[in-house]
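Numbering (this note's numbering), first residue to last: 1152 to 1510. C-beta atoms are modelled at their ideal positions from N, C-alpha and C, and glycine is treated no differently.
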Amino acid sequence: MPTQQPYDIAIIGAGPIGLELAVCLKLRGVRYVQFDAGQIGHTMTWWPRQTTFFSTSERIAIAGVPIPNNHQQRTTGEEYLAYLRAVVEQFDLHINSYEPVTSVTGSVGAFTLQTSHRTGLRTYQAARVVFAIGDMHWPLRLDLPGEDLPHVSHYFRDPHDYFRRRLLIVGGKNSAVEAALRCWRAGAQVTISYRRATFDERRVKHWLMPDLLAQIEAGTIRFLPETVPVAITPDYVEFARTVDGEPVPGPTLRHATDFVLLATGFRGDQSLLEEVGVLLEGSNRVPRFDPETMETNVPGVYVAGTVAAGVQQRYSLFIENCHDHAGKITRAVTGLWPTTLGDIPARTYGLAFEQFEAN
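Structure (structure tokens):
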């Protein structure tokens, strides 16, 4: 079912930066349409209960709307989703949620988007297209025998699930470390496997690292350094030894466990970018774009948010350093910079990458 009139711009994705861009465009009178394959902020619904952002609250506020709370601490996923809902209602944003975009074709001034709606296929026309799709569409699989067994998961849902059970966590960055600590405190018998000899303090937040190392030293959390899983069975996980993070020939190690959590990261779906002709460069498949406008090598196609970093092996883009993407696109489309981005002006400030990485 085609739309009656072409839109000025189509936004694919309704995460924080996609929503911030929608506010900016609406306030400038731009006729836009916005889609999301799920609900707004969908990937945050994967988080376990009461998980807090690593970024402080003022850094993840959008569109000049502060995040209210009664504790002045980091915001939980539940609080942030409620905040995003409030922003949508405050600005009366219309979002075509649960309507994934399946195809983008055409050229500047005449793009055609096809979507999959529960009632059937739909077609939309737009002069420009913005990809604000994030970079977490599916887990980064290890392609191991047994990876799809029912006691194995890439998603950490709730520490309660592992109460008085043996839990093996594979990974060595923030998500793995936080899961290990939370599950141990919820009563799980936790073992963590990492392919390196030690955890990298540049990859683990400074308030998590001492806690984990203290538990490992005390023996309350078991650590299997320099190991990588090579097979998973209903009863145990088989590991190979590693040198410099890479498996080496030799005897394997078996570790008995009840559950396996593979905290090995996620990756984004870049197929629509490729379909429309965006060049993806280097091993991280970074979209080619103009950093002044966020416009890609395809005229009229823009990227906003973490999708602009491609496949992030080490994260360089987060919500907190992507607010200006919405500003650059708004200026490119309307000629004007938005009146507000991020938090209120008194709490909006710039940080170098090294500063907010430690934030």
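If you look at I1372, you'll find it isn't in any alpha helix (DSSP H); DSSP assigns it neither H nor E.
For G1228, there is no enclosing beta strand (DSSP E); the enclosing alpha helix (DSSP H) covers residues G1228 to F1242. DSSP places I1383 inside the beta strand (DSSP E), whose first and last residues are T1378 to I1383. In the three-state reduction of the DSSP assignment, W1289 falls in the strand class. Annotation: the continuous alpha helix (DSSP H) that includes G1478 extends over H1474 to T1485. Of the candidates W1289, E1389 and K1356, the residue whose Cα lies closest to the Cα of V1462 is W1289. Comparing alpha carbon positions, the residue from S1254, D1286, A1283 and L1291 closest to Y1275 is S1254.
In the displayed model, Q1185 falls within a strand according to three-state DSSP. Here the alpha carbons of W1335 and E1368 stand approximately 14 Å from one another. Taking 3 residues as the minimum length, the beta strand (DSSP E) runs contained wholly in the stretch 1243–1314 are 1252–1258, 1261–1268 and 1271–1282, in order along the chain. Counting along the chain, A1391 sits inside the beta strand (DSSP E) bounded by residues Y1387 to V1394. In the structure shown, the three-state DSSP call for E1432 is strand. DSSP places I1191 in the coil class of the three-state scheme, outside both helix and strand.
Within the same chain, Cβ atoms closer than 8 Å to the Cβ of A1278 are found at P1157, Y1158, D1159, I1160, V1259, G1260, A1261, F1262 and G1451, the five residues on either side in sequence being excluded.
A straight line joining the alpha-carbon of P1167 with that of G1322 spans about 27 Å. Taking L1232 as the centre and dropping the five residues before and after it, the same chain places the C-beta of G1192 and M1195 closer than 7 Å to its C-beta, in chain order. Assigned with DSSP and collapsed to three states, E1443 falls in coil, not helix or strand. In the DSSP assignment, H1406 is bridged to V1388.
Fewer than three Cβ pairs drawn from the stretch 1348–1363 and the stretch 1224–1244 lie within less than 8 Å of each other, which leaves the two stretches out of contact. By DSSP's assignment, L1412 forms a beta bridge with S1304 and I1320. Here DSSP, grouped into helix, strand and coil, assigns S1206 to coil. Contact annotation: the stretch 1477–1487 touches the stretch 1168–1175, with at least three C-beta pairs closer than 8 Å. With a cutoff of 8 Å on beta-carbon distance, I1320 and A1331 are scored as near each other. Excluding residues up to 5 positions away in sequence, V1216 lie with their Cβ nearer than 8 Å to the Cβ of A1237 in the same chain.
Taken through DSSP and simplified to helix, strand or coil, V1437 comes out as strand. Here DSSP, grouped into helix, strand and coil, assigns T1342 to strand. When DSSP reads this structure, I1213 sits in a beta bridge with V1216. From the listed residues G1228, S1208, W1198 and L1244, the smallest Cα separation to K1177 is found for L1244. Excluding sequence positions up to five before and after A1407, its CB lies within less than 8 Å of the CB of R1317, D1386 and Y1387, all in the same chain and listed in chain order. Rounded to the nearest whole angstrom, the C-alpha separation of E1425 and S1248 is 23 Å. For the 8 Å CB-CB criterion, P1438 and L1431 form a contact.
P1380 and Y1313 have their C-alpha atoms spaced approximately 20 Å apart. The three-state secondary structure of R1418, taken from DSSP, is strand. Rounded to the nearest angstrom, the Cβ distance from E1250 to F1186 is 5 Å, consistent with a contact under 8 Å. Around V1394, the same chain offers E1377 as residues with beta carbons nearer than 8 Å, after the five sequence neighbours per side are excluded.
In the structure shown, A1161 falls within a strand segment according to DSSP collapsed to helix, strand and coil.
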